[in-house]
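The listed protein sequences derive, respectively, from chains R and B.
No gaps in the numbering here: position 220 of the first sequence is 219 in numbering that gives the first Met the number 0, and each next residue is one more.
No gaps in the numbering here: position 111 of the second sequence is 110 in numbering that gives the first Met the number 0, and each next residue is one more.
2 protein chains.
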Amino acid sequence: MPSGAFPFRKVAILGTGLMGGSLAGALKGLPDPPKIVGTTLLPEDRKLAMERGWVDLFADTNGAAVSGVDLVVIAVPPGAVPQVWGEIAGNLLPEAVVTDLSSVKGALYEAYRTKFHTLLPLYTSSHPMAGSERTGISSARATLFSDRTVFLTPFGGEEDSLLPLDHLWKALGAKTFRVSPSDHDGIVAHISHLPHVLSYCLLTLAEQVRRENRYPGFDWKTQKGGSFSDILRIARSSPQLWADILFQNRRAILEAMDSFDHQMELLRETLENGGSENLSRLLSEWTAPLSETLPP
Amino acid sequence: MPSGAFPFRKVAILGTGLMGGSLAGALKGLPDPPKIVGTTLLPEDRKLAMERGWVDLFADTNGAAVSGVDLVVIAVPPGAVPQVWGEIAGNLLPEAVVTDLSSVKGALYEAYRTKFHTLLPLYTSSHPMAGSERTGISSARATLFSDRTVFLTPFGGEEDSLLPLDHLWKALGAKTFRVSPSDHDGIVAHISHLPHVLSYCLLTLAEQVRRENRYPGFDWKTQKGGSFSDILRIARSSPQLWADILFQNRRAILEAMDSFDHQMELLRETLENGGSENLSRLLSEWTAPLSETLPP
C-alpha cells in the first residue's frame, strides 16, 4: 500500500464489464472510496453494478460520464479505445488523468501520438495482467488485481499521470511495472498472446483428429483437469476480443511464434536422434528455471 | 458404481508414490476394502502410508509383495515396468490379475508380447488420466481418480483381466475406455504429451528472453494465474519421468507435433496476410467445439 492520500475522488469507468466492473468493486473496497460513474451497453450489468454498490451512477454516454471526474478509466476492447477518446476529449477537466486497460499498446500509442496527444495530455495506459475467460460484471471480482502485475505505459504528461495511477494500482494490491509501448507488446506476446496461440492450435488440432474419428468411441469432451483441458481453457475467452488483441500485436506475436518454433525444432531433433538420456538432460535443463526465475 | 462384488480381496501396489498411493487410499475408501501390500524405496512414504491406513503391510521386495494376492498394480515409471515383471513373474498365483499405470503402451506391449506373455497371462494395462505435477504419497489423494478417464489396454487373458479391472476403476468413480496400445498412444500424444511439449518449449523460450535481458527490470517469476503460468505449471512434473514418457511415445508425439505445426502455419498465415475480420472468423470457428465436443 503506497503512502499519501488516494489521488482520485471521482472516477469514470467507461465499460463496466469484467475488468471495469472488477476495478469498480476494488475501488469501493478502499477505506475512503471514490465516487464512481459508469457506462455500459448492457442493462443487466448496470443493474448488478448498482445492486452491489460498485457504481454510484450510470451516465448515458461516455462524454457525459467524464464530466467533472479526476480519473477516466476506459475499459473497452483495445480496438474501440480511440473511438472513446474522441467521445470524451471535449468534456474533460484539465487536470483529469486518463487511462485504459488495453492489452496491446503499440497501435494505441501511435493513434495517441498522431491524433490525441494535445486533447488528452495526462495519459498513462494501464494493463493489469488479470482477467478471466468469462465476461461481464457478473464474473467480476473486487480482488481481481490483488497480487497481479499491472503494466504502466506513459503516453503523455508522464509525471502527472504515471504517479497517481501507480498509487491507484498499488492501493488495490497490484505490483506495477513501467514499460514502453514496444517492450510491453513484446512481453505480453510471450506471457499471454503466444499461450493463447498455442491453446487455439491445440484445440483445433484435437477437433480435427476427433472429426476424423481416428480413435472411435473416445470421448474427447470429458477429459478433466489434466494438461489438455488446462491449455484448452485458455482458448475460452471471447474469440472476437482475442482476434482484436492478436491482430493488433501481430508483429510481436509472429516473432514469438518463430522463436517458439525454434524450441520445438530443438526438442524434435532430440526426440528423433537423441537417446532417452539426452532427452532427460534437455528437459532437466529446460525446467530448472521453474520456481527460480519463472513461475510457478 | 458397477454391480457385483468387488473382484479383489488382496492387492499388491508396487510403488506407493503419487499414483500408487492414491490408488491405495481410494481402495481403502471402498465399503469393503481389500487388504493392501505395498512396496516403496522411500522410508517416509512407507511411514505415511501406514499412518493413513492406506497400506496394511510393506514388503521388502516386489517379489515378496505379490505372494498370495489376487491383483498386482505396478505403479513405477513406464521404463521400469518390465524389470518389475521379471521380479514378480515367479511368485504369482495362477489367477492373479496384473496391471500397471503406465502412460505409454506401445513399447510396453512389445516387451510383454515377446517376453512375458506366458509368465503374466492375465494382464490388462491401465492408464488413469489423473495425476499431479507433484510426486510421492504426501501429494496422493484418495479421490484422484474420481470422474477421470482410465484407459484399459488388454495385453493378455482379456476376459479374465479386463472385466475385473473395469469393475475396480468404476468402483473408484472413474470412466473406463478400452483401447489398443497404438490407439492409446495416439490419443495421449494429443491430450497429454503434446501439451507437455508445448509447455516445455514455452518455458525455455521465456527463460531465453529473460536471460537476454530483453525487457530490463521485468520480473518473469511473479506472473500469476494467467495463461503463462497455467501452461508453465504443466512442465513442473519430474523431467526424468517425462523424458521417459516422451521418449517411449516419440513416434506418435512427433506426428502430433507435425500436425500442430500445420495449425500454427494456418494461424500465422492469417495473422500475416488476413485482416482482423478473417482472424476473428478463424478463431470463432476454431473455438466453437469448446464445451460441445471438447472440454471445458
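We treat Cβ as the ideally placed atom computed from N, Cα and C, and that holds for glycine.
Quick caveat, the model's predicted, so the values are computed rather than measured.
According to the DSSP secondary-structure assignment, threonine 142(B) is paired through a beta bridge with no residue.
Taking 9 Å as the cut-off between beta carbons, the residues of the stretch 209-228 of chain R near chain B are Arg209, Arg210, Arg213, Tyr214, Pro215, Gly216, Phe217, Asp218, Trp219, Lys220, Thr221, Gln222, Lys223, Gly224, Gly225, Ser226, Phe227, Ser228, in sequence order.
The three-state secondary structure of arginine 147(B), taken from DSSP, is coil.
Using a Cβ distance threshold of 7 Å, histidine 195(R) and valine 208(B) do not count as a contacting pair. Listed by position along chain R, the residues whose Cβ is nearer than 9 Å to that of phenylalanine 7(B) form an empty set, because the closest Cβ is around 26 Å away. Taken through DSSP and simplified to helix, strand or coil, lysine 34(B) comes out as strand.
Put simply, of Leu193(R), Tyr111(R), Ser21(R) the residue whose alpha carbon is nearest the alpha carbon of serine 138(R) is Ser21(R). Residue environment for glycine 85(B): exposed (fewer than 16 other C-beta atoms within 10 angstroms of its C-beta). Taking the beta carbon of methionine 128(B) as reference, the chain R residues within 7 Å of it are Gln222, Gly225, listed in sequence order. Counting along the chain, alanine 58(B) sits inside no beta strand (DSSP E), nor does DSSP assign it H or E at all. In this structure, glycine 16(R) and glycine 135(R) form a Cβ contact; the two beta carbons are roughly 6 Å apart against a cut-off of 8 Å.
Closer than 7 Å to the CB of isoleucine 12(B) there is not a single CB belonging to chain R. In the three-state DSSP reduction, glycine 28(B) falls in the coil class, being neither helix nor strand. In the structure shown, alanine 170(B) adopts helical secondary structure according to DSSP, grouped into three states. If you check the CB distance, leucine 26(R) and arginine 235(B) do not come in under 7 Å. Proline 180(R) counts as buried, since no fewer than 16 other beta carbons sit within 10 angstroms of its beta carbon. Closer than 7 Å to the CB of aspartate 182(B) there is at least one CB belonging to chain R.
Residues of the stretch 225-253 of chain B with a Cβ closer than 7 Å to any Cβ of chain R, in chain order: Gly225, Ser226, Phe227, Ser228, Asp229, Ile230, Leu231, Arg232, Ile233, Ala234, Arg235, Pro238, Gln239, Trp241, Ala242, Asp243, Leu245, Phe246, Arg249, Ile252, Leu253.
For the stretch 277-294 of chain B, the set of positions with a beta-carbon nearer than 9 Å to some beta-carbon of chain R reads Asn277, Leu278, Ser279, Arg280, Leu281, Leu282, Ser283, Glu284, Trp285, Thr286, Ala287, Pro288, Leu289, Ser290, Glu291, Thr292, Leu293, Pro294 in chain order. Taking each of Pro238(B), Glu271(B), Thr286(B), Asn272(B) in turn and checking the Cα distance to leucine 282(R), the smallest one comes out for Pro238(B). DSSP places alanine 79(R) in the helix class (H, G or I) of the three-state scheme. Membership of tyrosine 122(R) in the beta strand (DSSP E) is indicated by the continuous run 122-127. Short of 8 Å from the beta carbon of threonine 269(R), and not among the five residues preceding or following it, lie these beta carbons of its own chain, in chain order: Asn277, Leu278, Leu281. Counting along the chain, valine 10(R) sits inside the beta strand (DSSP E) bounded by residues 9-13. Counting the other Cβ atoms within 10 Å of the Cβ of leucine 56(B) gives fewer than 16, which makes it exposed. The shortest C-alpha to C-alpha distance from leucine 202(B) to any of Pro215(B), Trp219(B), Gly105(B), Ser191(B) is the one to Trp219(B).
Among the CB atoms of chain R, none fall inside 7 Å of the CB of histidine 166(B). Alanine 4(B) is classed as exposed because its beta carbon has fewer than 16 other beta carbons within 10 Å across all chains shown. When the beta-carbon positions are compared, aspartate 184(B) and lysine 104(B) come within less than 7 Å of each other. Every beta strand (DSSP E) stretch that sits fully inside the stretch 82-122 of chain B and reaches 3 residues is listed by chain position as 96-99.
Threonine 221(B) carries a coil assignment under DSSP once its states are collapsed to helix, strand and coil.
Taking all protein chains shown into account, histidine 192(B) has 16 or more neighbouring C-beta atoms within 10 Å of its C-beta and is therefore buried.
Residue pairing by DSSP puts phenylalanine 176(B) in a beta bridge opposite Phe150(B).
Boundaries cannot be given for valine 68(R), as no beta strand (DSSP E) includes it and DSSP labels it neither H nor E. In this structure the stretch 61-72 of chain R does not touch the stretch 209-217 of chain R; the number of beta carbon pairs closer than 8 Å is below three.
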